[in-house]
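The structure appears below as C-alpha cells.
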Amino acid sequence: MELDPLILSRIQFAFVVSFHAIFPVFTIGLASYIAVLEGLAFKTENPVWVKLSAFWTKVFAVVFGMGVVSGIVMSFQFGTNWSNFAQASANFLGPMLSYEVVTAFFLEAAFLGVLLFGRDKVPAGIHLLAAIMVATGTFISSFWILSANSWMHTPAGTELREGVFYVTSWSEAIFNPSFPYRFSHMVLASFLTGGFVVAGVSAWYLLLGREVEANKKALSMCLWLLLFIAPTQAVVGDFHGLNTLEHQPVKVSAMEGNWETSRNVPLLLFAIPDQQNQQNLFEIGIPSLASFILTHEWDGEVPGLNEIAVDEQPPVAIVFWSFRVMVGIGLLMIAFAVTGLILRAGGRYWRTTWFLQGMRFMSVAPFIAVLAGWFVTEIGRAPWLVYGQMTQAQALTPSLTGGMALFTLIGYIVVYALVFSAGVYYLMRVLYVGLEDQDEDEHESDRPKRPFSAAHVPFEIDHNSDDTVGTAKPTRQGGH
Amino acid sequence: MELFDLPLIWAFIIGFGIIMYVLMDGFDLGVGILFPFAPNEEARDTMMNSVAPVWDGNETWLVLGGAGLLAAFPMVYSIFLPALYIGVFLLLAGLIFRGVAFEFRFKARTSRYLWNWAFAGGSTVASFAQGAVVGAYIQGFETANGVYVGGALDWLTPFTVLTGLGMLAGYSLLGSTWLILKTEGYLQQWAYKITLPLLLAVLVVFGIIGVWTPFVDDMVRERWFSNLTIIWILPVLTLLCAIQIYRSVRDRKDGMPFVATMGLFITTYLGLVVSRWPYVVPPEYTLWEAASAYESQLFLLLGLLFVIPIVLAYTAWTYWVFRGKVRAGEGYH
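Protein chains in written order, with my numbering: chain A, -15 to 464; chain B, -3 to 329.
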C-alpha cells in the first residue's frame, strides 16, 4: 500500500494537538484557582489556603511542564507538515502566534519560575502577583490561539490573492464571526476541567479521611463554581451551535446526522451513520427536537448533507458521535453540580460516599468532553483547512513523503506515550503524597510513613538490586 | 507608503531573538550535556536547580523564533522546516525529554537515573540538531518557486555533523561557565577544571568550521576574501574572548568566564551572519524576497516595540530574584 502523506499528517496533527490540548485546558482553570487560593492566603493568613495552594501548585508544575514541551512541538507543525498552509496564511497567523508568544508565553514562563521556586525569595504580595500573572497569561494565550483557530473556521478580514491570504481588516480577522463563541465555550470548558479535577481529587481525599478541613473547603468552592458554569456552558454551547449553523451548515448536518434538508428534523439519540449509502442505520430520535434546538421552531428547516457532493463531506460518524459524547458529559456535569447543591442541605455533600465516588470519576470527564468537542469542530471542517478557501490537500508540504510522515508519526507516538505514562505516574505520586507533608523533603526519607506510595513502587525499575522489588525495599531503606 | 524598510528591521529583530535563544537556552542545554560527567548526584541536583527556574523562559525564545519567522519571513519558515523535517523532530524530541526531566527527576526515586539520562540525552540531541541547522543554513537549500524540493536527509552531511559537534562543544562551554558563576565549592572547582579543555575543543572545532566554510560555498568565500576586510575584526574578537576565558579561569574569576563565553558566541554568530547576508534562504532568496506582507510586518512590529521591553524587564527581574549562588539542598522540591 502506498503511504499517503496527507492522511498520515492529518493523523499526526490530530495526535499532537489532542495530546497538547489536554494540558492547557486543565492549567487555564487551575491557574485561576491557584491565584484565588493565593489571594485568600494573602488576605486571611489561614494556613489552609497556603496548604491547598502549595499542593495544587505542585500538580500545576507537572501538568504545565508537559504542556510547555508539547506546545513547542505545535509551533513547528505548520512548517514541517503544512508548509503550503504556513506560507499562505502567514500574513495573519504569523502575527497571531507571535503575539501569543510575547504577550502570554513569556509572562507565564517568567512568573511560573517565581510561583514555583520563589515563595521564600519574594514578599508574599509579589508571590500573589506571580500567581495572578500566570493565570492572566493563560487567558491571553487562549485569546490569540482561539482567534487564529476560529479564523480557520470562519475566515474574515482577509482576501486570497495568488494563493496567499492578505489581511484587509485586522479587527475583522481577529474578531471573526465564530471567535467570541469559541472563546467563551473554551474558557468555560477550562474552568469546568479545573473545577472537576480539583473537586474529584478533594472528594477522593475526603473518602480517605485525609486533610478533611482543607479538602472540604476545596470541594465546596468547586461545587459553587460548577453550579454556575456547567449550566452556563450549555447555553453558550447552544449559541456556538447556532453560529456554526450560520457559517458552517455542513458541520451541523454532520453533528445531527441529517442527510436530507428537511423540516421537523428529529434529535437523534442513537444512529449509525452510513456515509457510503448516505443514510443512518438504527435511528432512535426525539421528533422535531433538532429543528427546535437549531431554529427555535418545531418545523424549522435544517440543512442536510445532500446539499454538497459526497467527496466534500466531512467524516460523518466521528463528528456525530463525538458531539453526543460531549453533550452527554455536559449534561452529566450539570447533574453532578445540581446534586452537590441539594446535598448541601445538612452538610451532606462532603460525607455522602456515592456522591464523592461519582465526583472522583467525574475528574476525567472534562478531558474526554473537551477532546470530543475539538473532534467535532475540527473534523467537521474537513475537507477544508481554511473553511471554503483552502483544502487540507492543498495545504500539505510538497516535499513530504509518506515515509517521512510515518517516521515522525511513530516517533511522536512513542515519545508521547513515554512522557505521558511517566507524567501520569508522577502526578499520581503527587496526589498520593497529598497535602500533608508540604515542608518535608520527599526524596528519600518519607517512604515508610506512606502506605499508598509503597503500593506503587514496583512500577519503577530497580537497577541496584537483583532481588524482586517488593522484598528489596525494606532492606534498602535502612541504607539511606 | 512603505516608509521604512520593514524586512530589514525584522531581520534585526529575528536575529536578536535567535542570539537571545542561543545564549539563554545554550547554558541550560550545556548544563544538560555536562550532566553525566558531574562529580556526584548532589552536584547534579545543584546543577539542575541552577537552571530550573529559568529554562522555561529561555526555551520560549525558540518558540518566538518559530512564530516570528512565520510572521516576518514565512518563506524561511516554510522552506527550513520541510528541509530539516527529520532534524526538527529529533530537536523537538530532545527538548521534550529534557523539559519533562526537570519535573520528573525530582519526583523520581529509584528511576531517577533514567531522568538523568533523559535530561542529558535530550539536551545533547537538541544541541547537536541546532548545530546541524546552522550548518544546513550555510550549505543552502534546494528550492524551486519558493518551495523546498530536496530530499529528507539532504541536510545531513559531514559539514553539518561538524557544526553539530561545534554546537555541542559551545553549549558545554556556556554550561560550564554558567556553573562557575552559579555554584561554589567542589562543584565550582569541577566546573573550572573542565572549562579549559572545553574551550580548547570549541576553538578546534570552530577553527575547522571556519576554514571549511569558504569551501562549502563560493559566495561565502568571496565575502571573506574580497575587499571587505573590516569583517575580519569578528574572528579577532572571538579569539580575544577566548583569551579572556582562559585568563579569567586561570585567575579563578566567578563571572567573567561566562560573560566572555557569551562574547565568543556573539562574535561567532555575527561572523555567520555576515557570511550569508542578506540571504536568508541561501542560495536563492534574500530577506526582502522572503518577507511577509508589509501590513503584517507593521502590525506585529508596533506591538513588539511596546511588549518586548516589558518582556526583557521582567525576565531580567526573575534572574535577579534567583541571583547568587545555588547551594546543595536548595530548590523547592
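Every residue gets a Cβ at the ideal spot worked out from N, C-alpha and C, and that includes glycine.
Cβ of residue i within 7 Å of any chain B Cβ
{"i": "I270 (chain A)", "result": "no"}
{"i": "P382 (chain A)", "result": "yes"}
{"i": "A157 (chain A)", "result": "no"}
{"i": "F90 (chain A)", "result": "yes"}
{"i": "R413 (chain A)", "result": "yes"}
{"i": "G78 (chain A)", "result": "yes"}
{"i": "T64 (chain A)", "result": "yes"}
{"i": "G49 (chain A)", "result": "yes"}
{"i": "K105 (chain A)", "result": "yes"}
{"i": "L81 (chain A)", "result": "yes"}
{"i": "Y416 (chain A)", "result": "no"}
{"i": "M388 (chain A)", "result": "yes"}
{"i": "G193 (chain A)", "result": "no"}
{"i": "S405 (chain A)", "result": "no"}
{"i": "V34 (chain A)", "result": "no"}
{"i": "T228 (chain A)", "result": "no"}
{"i": "S204 (chain A)", "result": "no"}
Bridge partner(s) assigned by DSSP for residue i
{"i": "D258 (chain A)", "result": "A:Q263"}
{"i": "I270 (chain A)", "result": "A:L251"}
{"i": "R105 (chain B)", "result": "DSSP lists no partner for R105 (chain B)."}
{"i": "V143 (chain B)", "result": "B:A140"}
Environment of residue i [buried if 16+ CB atoms lie within 10 Å]
{"i": "E84 (chain A)", "result": "buried"}
{"i": "G81 (chain A)", "result": "As written in the sequence, residue 81 (chain A) is Leu, which differs from the Gly given in the question. Classification of L81 (chain A): buried, given that the 10 Å Cβ count is 16 or more."}
{"i": "R332 (chain A)", "result": "exposed"}
{"i": "L161 (chain B)", "result": "buried"}
{"i": "A465 (chain A)", "result": "Limits of chain A in this structure are -15 at one end and 464 at the other, which puts residue 465 (chain A) out of reach."}
{"i": "E22 (chain A)", "result": "buried"}
{"i": "G181 (chain B)", "result": "exposed"}
{"i": "K27 (chain A)", "result": "exposed"}
{"i": "T225 (chain B)", "result": "exposed"}
{"i": "A377 (chain A)", "result": "exposed"}
{"i": "V198 (chain B)", "result": "buried"}
{"i": "T337 (chain A)", "result": "exposed"}
{"i": "E426 (chain A)", "result": "Any reading at E426 (chain A) must be qualified, since the residue scores a pLDDT of 42, below 50, and its modelled position is unreliable; no value is offered."}
{"i": "P271 (chain A)", "result": "exposed"}
Min CB distance residue i to chain A below 7 Å
{"i": "D52 (chain B)", "result": "yes"}
{"i": "Y81 (chain B)", "result": "yes"}
{"i": "P70 (chain B)", "result": "yes"}
{"i": "K103 (chain B)", "result": "yes"}
{"i": "Y281 (chain B)", "result": "no"}
{"i": "P49 (chain B)", "result": "yes"}
{"i": "V276 (chain B)", "result": "no"}
{"i": "Y167 (chain B)", "result": "no"}
{"i": "T314 (chain B)", "result": "yes"}
{"i": "A289 (chain B)", "result": "yes"}
Contact check, residue i vs residue j, beta carbons under 7 Å
{"i": "F60 (chain A)", "j": "V212 (chain B)", "result": "no"}
{"i": "G49 (chain A)", "j": "E280 (chain B)", "result": "no"}
{"i": "Q126 (chain B)", "j": "M71 (chain B)", "result": "no"}
{"i": "L296 (chain B)", "j": "P139 (chain A)", "result": "no"}
{"i": "W40 (chain A)", "j": "L203 (chain A)", "result": "no"}
{"i": "L177 (chain B)", "j": "A39 (chain B)", "result": "no"}
{"i": "G90 (chain B)", "j": "A122 (chain B)", "result": "yes"}
{"i": "A274 (chain A)", "j": "V286 (chain A)", "result": "yes"}
{"i": "P541 (chain A)", "j": "A238 (chain A)", "result": "Absent from the model: residue 541 (chain A). The displayed extent of chain A is -15 to 464, so no value can be given."}
{"i": "T314 (chain B)", "j": "G284 (chain A)", "result": "no"}
{"i": "P253 (chain B)", "j": "T139 (chain B)", "result": "no"}
{"i": "L419 (chain A)", "j": "K35 (chain A)", "result": "yes"}
{"i": "V234 (chain A)", "j": "F307 (chain A)", "result": "no"}
{"i": "V307 (chain B)", "j": "F90 (chain A)", "result": "yes"}
{"i": "V32 (chain A)", "j": "V414 (chain A)", "result": "no"}
Contact the stretch 150 to 158 of chain A vs the stretch -14 to -2 of chain A: 3+ CB pairs below 8 Å: no
Pairing CB atoms from the stretch 259 to 268 of chain B with CB atoms from the stretch 37 to 48 of chain B, are three or more of them under 8 Å? no
Counting pairs of beta carbons, one from the stretch 74 to 91 of chain B and one from the stretch 126 to 135 of chain A, are three or more of them closer than 8 Å? no
May I ask you to verify whether the stretch 189 to 209 of chain B touches the stretch 59 to 67 of chain B, counting CB pairs closer than 8 Å and requiring at least 3? no
Please determine if the stretch 391 to 403 of chain A and the stretch -4 to 10 of chain A are in contact, where contact requires at least 3 C-beta pairs separated by less than 8 Å. yes
Assess, as a yes-or-no matter, whether the stretch 197 to 217 of chain A is touched by the stretch 249 to 266 of chain A under the definition of 3 or more beta carbon pairs within less than 8 Å. no
Can you find at least 3 beta carbon pairs, one from the stretch 313 to 326 of chain A and one from the stretch 347 to 355 of chain A, that sit closer than 8 Å? yes
Quick check: the stretch 144 to 151 of chain A against the stretch 287 to 295 of chain B, are there 3 or more CB pairs under 8 Å? yes
Pair every Cβ in the stretch 142 to 159 of chain B with every Cβ in the stretch 3 to 18 of chain B, then say whether three or more of these pairs are closer than 8 Å. no
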